[in-house]
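Since the structure comes first, as structure tokens, the remarks are kept for the end.
2 protein chains.
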Amino acid sequence: MAYLDKITSPRDIKTMTTPELETLAEEIRAGILNRDSKIGGHVGPNLGIVETTIALHYVFNSPQDKIVFDVSHQSYPHKMLTGRQKGFTNDAKMLKISGYTNPQESKHDFFIVGHTSTSVSLACGLAKARDIKGEKHNVIALIGDGSLSGGEALEGLSNAAVLNSNIIIIVNDNEMSIAENHGGLYTNLSLLRQTGGAAECNMFKALGFDYHYVEEGNSLPALIEKLQQLKDTPRPTILHVHTLKGKGYKPAVENKERWHWNLPFDIKSGTVTIPSEGENYNDITFAYLNSKIKQDKDVVVLTAGTPGAFGLTPERREQFGPNYVDVGIAEEHAIAMSSALAKGGCKPVFYVMSSFLQRTYDQLSQDLALNNNPAVILVFSGAISGMDATHLGCFDIPLTSNIPNLVCLAPTTKQEYLAMLDWSLKQRRHPVVIRVPIRVTTSNETVPANYDELNTFQVVHQGKQVALLAAGNFFELGRQTAAQLQKHGIDATLINPRFLSGLDEKCLHELENDHRIIVTLEDGVLDGGFGEKIARFYGPSSVKVLNYGAFKEFPDRIPVTELYQRYRLTPEQITADILRLG
Amino acid sequence: MAYLDKITSPRDIKTMTTPELETLAEEIRAGILNRDSKIGGHVGPNLGIVETTIALHYVFNSPQDKIVFDVSHQSYPHKMLTGRQKGFTNDAKMLKISGYTNPQESKHDFFIVGHTSTSVSLACGLAKARDIKGEKHNVIALIGDGSLSGGEALEGLSNAAVLNSNIIIIVNDNEMSIAENHGGLYTNLSLLRQTGGAAECNMFKALGFDYHYVEEGNSLPALIEKLQQLKDTPRPTILHVHTLKGKGYKPAVENKERWHWNLPFDIKSGTVTIPSEGENYNDITFAYLNSKIKQDKDVVVLTAGTPGAFGLTPERREQFGPNYVDVGIAEEHAIAMSSALAKGGCKPVFYVMSSFLQRTYDQLSQDLALNNNPAVILVFSGAISGMDATHLGCFDIPLTSNIPNLVCLAPTTKQEYLAMLDWSLKQRRHPVVIRVPIRVTTSNETVPANYDELNTFQVVHQGKQVALLAAGNFFELGRQTAAQLQKHGIDATLINPRFLSGLDEKCLHELENDHRIIVTLEDGVLDGGFGEKIARFYGPSSVKVLNYGAFKEFPDRIPVTELYQRYRLTPEQITADILRLG
Numbered sequence: 015m016a017y018l019d020k021i022t023s024p025r026d027i028k029t030m031t032t033p034e035l036e037t038l039a040e041e042i043r044a045g046i047l048n049r050d051s052k053i054g055g056h057v058g059p060n061l062g063i064v065e066t067t068i069a070l071h072y073v074f075n076s077p078q079d080k081i082v083f084d085v086s087h088q089s090y091p092h093k094m095l096t097g098r099q100k101g102f103t104n105d106a107k108m109l110k111i112s113g114y115t116n117p118q119e120s121k122h123d124f125f126i127v128g129h130t131s132t133s134v135s136l137a138c139g140l141a142k143a144r145d146i147k148g149e150k151h152n153v154i155a156l157i158g159d160g161s162l163s164g165g166e167a168l169e170g171l172s173n174a175a176v177l178n179s180n181i182i183i184i185v186n187d188n189e190m191s192i193a194e195n196h197g198g199l200y201t202n203l204s205l206l207r208q209t210g211g212a213a214e215c216n217m218f219k220a221l222g223f224d225y226h227y228v229e230e231g232n233s234l235p236a237l238i239e240k241l242q243q244l245k246d247t248p249r250p251t252i253l254h255v256h257t258l259k260g261k262g263y264k265p266a267v268e269n270k271e272r273w274h275w276n277l278p279f280d281i282k283s284g285t286v287t288i289p290s291e292g293e294n295y296n297d298i299t300f301a302y303l304n305s306k307i308k309q310d311k312d313v314v315v316l317t318a319g320t321p322g323a324f325g326l327t328p329e330r331r332e333q334f335g336p337n338y339v340d341v342g343i344a345e346e347h348a349i350a351m352s353s354a355l356a357k358g359g360c361k362p363v364f365y366v367m368s369s370f371l372q373r374t375y376d377q378l379s380q381d382l383a384l385n386n387n388p389a390v391i392l393v394f395s396g397a398i399s400g401m402d403a404t405h406l407g408c409f410d411i412p413l414t415s416n417i418p419n420l421v422c423l424a425p426t427t428k429q430e431y432l433a434m435l436d437w438s439l440k441q442r443r444h445p446v447v448i449r450v451p452i453r454v455t456t457s458n459e460t461v462p463a464n465y466d467e468l469n470t471f472q473v474v475h476q477g478k479q480v481a482l483l484a485a486g487n488f489f490e491l492g493r494q495t496a497a498q499l500q501k502h503g504i505d506a507t508l509i510n511p512r513f514l515s516g517l518d519e520k521c522l523h524e525l526e527n528d529h530r531i532i533v534t535l536e537d538g539v540l541d542g543g544f545g546e547k548i549a550r551f552y553g554p555s556s557v558k559v560l561n562y563g564a565f566k567e568f569p570d571r572i573p574v575t576e577l578y579q580r581y582r583l584t585p586e587q588i589t590a591d592i593l594r595l596g
Numbered sequence: 015m016a017y018l019d020k021i022t023s024p025r026d027i028k029t030m031t032t033p034e035l036e037t038l039a040e041e042i043r044a045g046i047l048n049r050d051s052k053i054g055g056h057v058g059p060n061l062g063i064v065e066t067t068i069a070l071h072y073v074f075n076s077p078q079d080k081i082v083f084d085v086s087h088q089s090y091p092h093k094m095l096t097g098r099q100k101g102f103t104n105d106a107k108m109l110k111i112s113g114y115t116n117p118q119e120s121k122h123d124f125f126i127v128g129h130t131s132t133s134v135s136l137a138c139g140l141a142k143a144r145d146i147k148g149e150k151h152n153v154i155a156l157i158g159d160g161s162l163s164g165g166e167a168l169e170g171l172s173n174a175a176v177l178n179s180n181i182i183i184i185v186n187d188n189e190m191s192i193a194e195n196h197g198g199l200y201t202n203l204s205l206l207r208q209t210g211g212a213a214e215c216n217m218f219k220a221l222g223f224d225y226h227y228v229e230e231g232n233s234l235p236a237l238i239e240k241l242q243q244l245k246d247t248p249r250p251t252i253l254h255v256h257t258l259k260g261k262g263y264k265p266a267v268e269n270k271e272r273w274h275w276n277l278p279f280d281i282k283s284g285t286v287t288i289p290s291e292g293e294n295y296n297d298i299t300f301a302y303l304n305s306k307i308k309q310d311k312d313v314v315v316l317t318a319g320t321p322g323a324f325g326l327t328p329e330r331r332e333q334f335g336p337n338y339v340d341v342g343i344a345e346e347h348a349i350a351m352s353s354a355l356a357k358g359g360c361k362p363v364f365y366v367m368s369s370f371l372q373r374t375y376d377q378l379s380q381d382l383a384l385n386n387n388p389a390v391i392l393v394f395s396g397a398i399s400g401m402d403a404t405h406l407g408c409f410d411i412p413l414t415s416n417i418p419n420l421v422c423l424a425p426t427t428k429q430e431y432l433a434m435l436d437w438s439l440k441q442r443r444h445p446v447v448i449r450v451p452i453r454v455t456t457s458n459e460t461v462p463a464n465y466d467e468l469n470t471f472q473v474v475h476q477g478k479q480v481a482l483l484a485a486g487n488f489f490e491l492g493r494q495t496a497a498q499l500q501k502h503g504i505d506a507t508l509i510n511p512r513f514l515s516g517l518d519e520k521c522l523h524e525l526e527n528d529h530r531i532i533v534t535l536e537d538g539v540l541d542g543g544f545g546e547k548i549a550r551f552y553g554p555s556s557v558k559v560l561n562y563g564a565f566k567e568f569p570d571r572i573p574v575t576e577l578y579q580r581y582r583l584t585p586e587q588i589t590a591d592i593l594r595l596g
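Protein chains in written order, with my numbering: chain P, 15 to 596; chain H, 15 to 596.
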């Protein structure tokens with residue numbers, strides 16, 4: 015690394031020649047591949063944005079000039095130019111640097127970001143603050159074409175256009191969202207690319223932006239020249255750059271979807287180096303829905319820009335045929351459309367990650383629940399996890415289960431999941447949210463096919479003194495705790511609540527007869543969750559309640575075993591607490 | 015009413031002549047004014063859309079052809095043409111008909127709608143369902159220019175454009191949101207109006223829509239001709255109609271903002287007939303912020319399209335000067351921008367209605383709370399109320415208080431509110447949500463100026479046996495309940511929790527010493543709220559907890575006194591429950 019190692023701040027690149035910067039670009043690419051091949055991460059987005067990032071830091075003066083990265087999954091080159099290159103070149107340092115921007119890591123980062131479509135609004139706020147305070151500097155948002163389709167980005171664009179001041183929005187157009195793009199926006203981006211930015215029908219100009227285009231979005235001289243021209247503009251400005259996603263790494267260029275994000279891999283072959291973990295809910299869900307669609311043409315599968323996260327490869331999407339819709343990164347639209355599909359007689363199934371379901375609270379409430387239409391929402395990755403603070407899946411129980419009319423289910427086994435999914439498509443009375451389990455466990459016990467009688471808990475084992483209400487992913491923890499209690503002479507009752515959105519009052523009242531302690535276990539944040547409803551139910555009684563789940567916090571890449579310890583989520587800790595309570 | 019009274023279904027108007035339809039239009043306008051003058055409601059939007067609605071029902075065949083109304087605050091003419099005219103002409107029947115669409119009222123309504131920007135996505139779902147099921151009919155969304163700026167509408171537009179099938183989106187352009195429009199979208203709508211729809215730079219065409227324009231949006235012949243041309247189009251189509259908001263009622267035309275929605279009024283003079291209720295939090299907040307901005311130029315006030323709801327008249331907005339930003343109907347943008355304004359050193363204060371804050375869960379969580387920037391959010395109308403099911407303000411406590419880092423405050427008096435607001439602008443460590451009280455009560459007691467020590471509850475009266483934790487609006491209910499208990503010889507402790515987002519564990523532990531029953535009172539839904547956190551805290555103890563608040567449901571225009579009875583929220587009911595518990 016002739017150049018990268020020596021960079022201490024972005025100033026260091028300002029005196030470099032173009033050939034030197036081009037060598038630097040290669041070194042940065044090697045850094046991206048080194049990190050991603052070792053610990054996994056975003057590949058294509060970072061490889062494509064190397065030259066833009068170098069040009070930005072060459073022309074502008076960070077951190078006085080402020081660059082806001084959308085999603086910030088493409089901020090690796092920026093990190094390497096702002097003193098964090100060891101997180102890419104030194105294996106031992108990698109985990110110290112996150113895959114997203116974070117002001118705690120560097121003064122060149124302004125926000126912790128991990129969800130899409132936020133950069134324009136955030137940049138608007140920085141620009142307005144600058145103007146209010148009478149400061150002078152550039153504010154730049156860097157947003158990918160895929161992120162443009164999110165409502166927040168579109169609200170931001172409309173507002174940025176009338177800011178009447180300096181704001182430069184770089185649209186990094188690599189012709190791809192995570193998967194292929196969907197939506198009319200892309201019709202226009204395509205026209206603009208085809209015409210070298212010259213088409214008169216230009217949505218950015220329509221909004222009132224100054225508009226510029228760089229076809230050679232991986233050419234340093236072209237980018238530097240254009241950015242020098244735009245620097246200090248007094249006007250809201252779009253710079254549309256056409257880049258190559260995955261540039262510099264053949265596998266990533268050839269299969270852009272697969273290489274958007276990748277597990278650790280062998281650089282030479284591109285093969286993933288982590289063994290796959292056997293049966294998973296992506297495959298199970300696809301197998302079920304694909305067979306279902308063949309029998310019932312009313313079933314419609316929806317995703318919002320992230321089909322790959324659910325194992326919905328292009329081949330699988332193809333198999334769904336016209337009964338599959340990807341709406342692009344537009345979760346709000348997906349929920350509203352699902353509600354209306356159900357109203358129109360279809361059976362929509364919307365796949366969504368727990369963390370991204372957060373974008374749809376009002377659509378869940380108003381468009382779906384208030385209308386009580388029978389759409390099905392499959393929530394994936396809903397669990398306490400070691401994820402980045404921006405992608406936690408521990409908030410969806412409070413998010414969904416406190417909205418009237420939504421039926422929220424927490425299956426515990428593969429059999430129960432499939433039975434609940436099947437029921438949710440059969441019934442026509444409720445919108446249903448299913449929290450897809452994390453680990454595949456199977457059971458030989460018969461699972462009911464019908465869940466029409468809402469909020470009926472299942473008593474799996476009838477004991478006494480202590481009852482464990484162990485929901486979804488944490489049913490197994492309940493079973494383990496019961497085993498632990500047995501060692502102390504306590505024959506605990508074990509209950510699978512199945513429903514997170516309502517209580518089985520009959521069951522709970524019966525427990526009062528011969529139970530002193532009720533324990534709830536849920537794989538998510540405690541505040542506003544399932545356990546608190548149980549605590550409220552027993553509030554007026556003499557039964558004691560212990561609630562287990564996550565604390566209200568944003569843990570950042572803390573190993574899940576450490577979080578379990580912190581939250582007292584091991585069978586030993588729970589047993590100790592129960593014994594202490596007497 | 016020569017015509018209106020006789021209409022039993024939209025079919026009845028298909029044989030009418032243009033002059034007859036024009037007379038019908040006048041009758042409909044009289045119906046709108048009659049209803050609004052008696053019970054209040056949306057004035058300008060309904061008066062402006064009369065001809066469009068008649069033309070729609072003249073040309074299309076509802077309910078086979080499906081019309082989706084955005085917000086549906088402009089659905090009065092539609093209601094009158096679909097058998098519900100008595101809700102407008104007969105005073106005794108008015109309250110039976112809501113101000114919004116509702117499938118339970120009529121087969122011509124497809125959704126319960128009251129929030130903006132949802133119609134295009136809902137129409138997309140109906141259109142896709144039609145295509146999946148092989149049906150043939152038109153799907154029409156009617157959306158105002160003001161609603162276009164919401165992210166969900168923009169996501170919907172981008173998706174509708176690639177539907178490759180029949181969907182007709184009528185953009186009702188009356189050159190106004192609730193107040194004036196803000197955003198680049200309006201730059202383009204203005205250009206299109208000026209060019210009679212001919213400008214090449216057209217955001218709708220850019221997205222891929224067929225685009226049509228009708229300048230005379232209140233001319234029945236012009237509208238009918240155009241709609242006949244568009245009927246059964248196989249293409250995603252925009253019909254941009256230029257209408258006059260408030261048409262036919264001079265006061266509403268002359269002051270469009272004031273007449274968007276109005277309290278009951280005298281038709282002749284336009285004067286509101288309900289006496290104003292004395293001091294209110296709109297005036298209190300304005301007076302405070304206006305004086306604050308004069309001293310501190312870093313304070314920035316934001317609204318999202320509804321300044322009038324907070325008493326921010328044009329004159330008051332003018333006084334804020336450059337320190338005021340209305341972002342249009344774009345709540346997500348408002349939260350993200352607030353976070354960034356705070357990051358940039360400003361002191362943003364975002365005014366928002368509880369019901370519309372629901373649109374921003376992810377922005378509250380990711381853009382604001384995760385970044386821990388010191389923005390201030392003033393939540394208005396957060397309370398159990400007799401509102402329409404689409405505008406309830408009872409869900410914001412679970413929405414905000416379960417997000418890490420957000421400090422949620424519930425002031426109980428004017429003095430406490432102002433002290434908390436002042437503190438929230440002084441401190442630089444937390445994003446702060448203040449639930450603005452509903453009724454103005456004052457207190458002579460000293461209120462602390464500093465809330466740095468989070469989650470400190472205030473013991474207002476130290477008693478024993480029973481403690482009442484009475485939050486925000488319900489502090490007064492706590493006081494009344496304490497008085498009631500006194501009659502039964504119980505000297506209850508009265509506590510103002512002040513914070514909704516965390517517990518004062520020291521205070522709660524101390525209560526355990528000499529209290530047997532802890533009662534929580536909150537003016538919102540119980541599920542996921544404040545009381546459940548108290549129940550969880552005391553779960554392992556022998557202290558009994560009674561939680562009071564709203565049930566998880568969407569009550570629709572139920573008088574608040576009836577809801578209080580239903581939820582057992584009177585001092586007598588609460589006292590009876592406490593005595594029963596022993």
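All C-beta atoms, glycine included, are put in the ideal place defined by N, C-alpha and C.
1. Can you give me the C-alpha to C-alpha distance between H:P77 and H:I343, rounded to a whole angstrom?
2. What separation, rounded to the nearest whole angstrom, lies between the Cα atoms of H:E291 and H:P451?
3. Contact criterion: CB-CB distance below 8 Å. Does H:L595 meet it with respect to chain P?
4. Distance, Cα to Cα, P:D50 vs P:H56?
5. Measure the CB-CB distance between H:F223 and H:A175 and report whether it falls below 8 Å.
6. In the DSSP assignment, the alpha helix (DSSP H) including H:L203 goes from what residue to what residue?
7. What are the start and end residues of the beta strand (DSSP E) that includes H:A564?
8. Which first and last residues belong to the alpha helix (DSSP H) in which H:H256 is found?
9. In the DSSP assignment, find the alpha helix (DSSP H) that holds P:G158 and state where it starts and stops.
10. Counting contacts by CB-CB distance shorter than 8 Å, is H:E332 in contact with chain P?
11. According to DSSP, what are the bridge partners of H:A481?
12. Return the first residue and the last residue of the alpha helix (DSSP H) that P:M108 is part of.
13. Indicate the three-state DSSP secondary structure (helix, strand or coil) for H:F74 in the structure shown.
14. Looking at C-alpha atoms only, which residue of P:N152, P:I182, P:A350, P:P59 is the closest neighbour of H:S131?
15. For P:V73, which residues from the same chain have a beta carbon less than 7 Å from its beta carbon, with the 5 sequence-adjacent residues on both sides left out?
16. Can you name the residues of chain H whose CB is closer than 8 Å to the CB of P:D159?
17. Is H:C521 helix, strand or coil by DSSP?
18. In the DSSP assignment, what are the bridge partners of P:Y295?
19. Name the DSSP beta bridge partners of H:D340, please?
With the given structure in hand:
1. Each residue's alpha carbon lies about 30 Å from the other.
2. If I take the Cα positions, the gap works out to 15 Å.
3. yes
4. 7 Å
5. yes
6. Under the DSSP assignment, H:L203 falls in the alpha helix (DSSP H) whose first and last residues are 198-208.
7. 558-564
8. Unbroken run through H:H256 is the beta strand (DSSP E), 250-256; no alpha helix (DSSP H).
9. Here P:G158 belongs to no alpha helix (DSSP H); instead the beta strand (DSSP E) covers 153-158.
10. no
11. H:T507, H:I532
12. Where P:M108 is concerned, there is no enclosing alpha helix (DSSP H), given that its DSSP letter is neither H nor E.
13. Reduced to three states, the DSSP call for H:F74 is coil.
14. P:A350
15. I238, L241, Q242, K245
16. In chain H, no part has a C-beta under 8 Å from the C-beta of P:D159; the shortest such distance is about 12 Å.
17. helix
18. Per DSSP, none; premise fails for P:Y295.
19. H:T317
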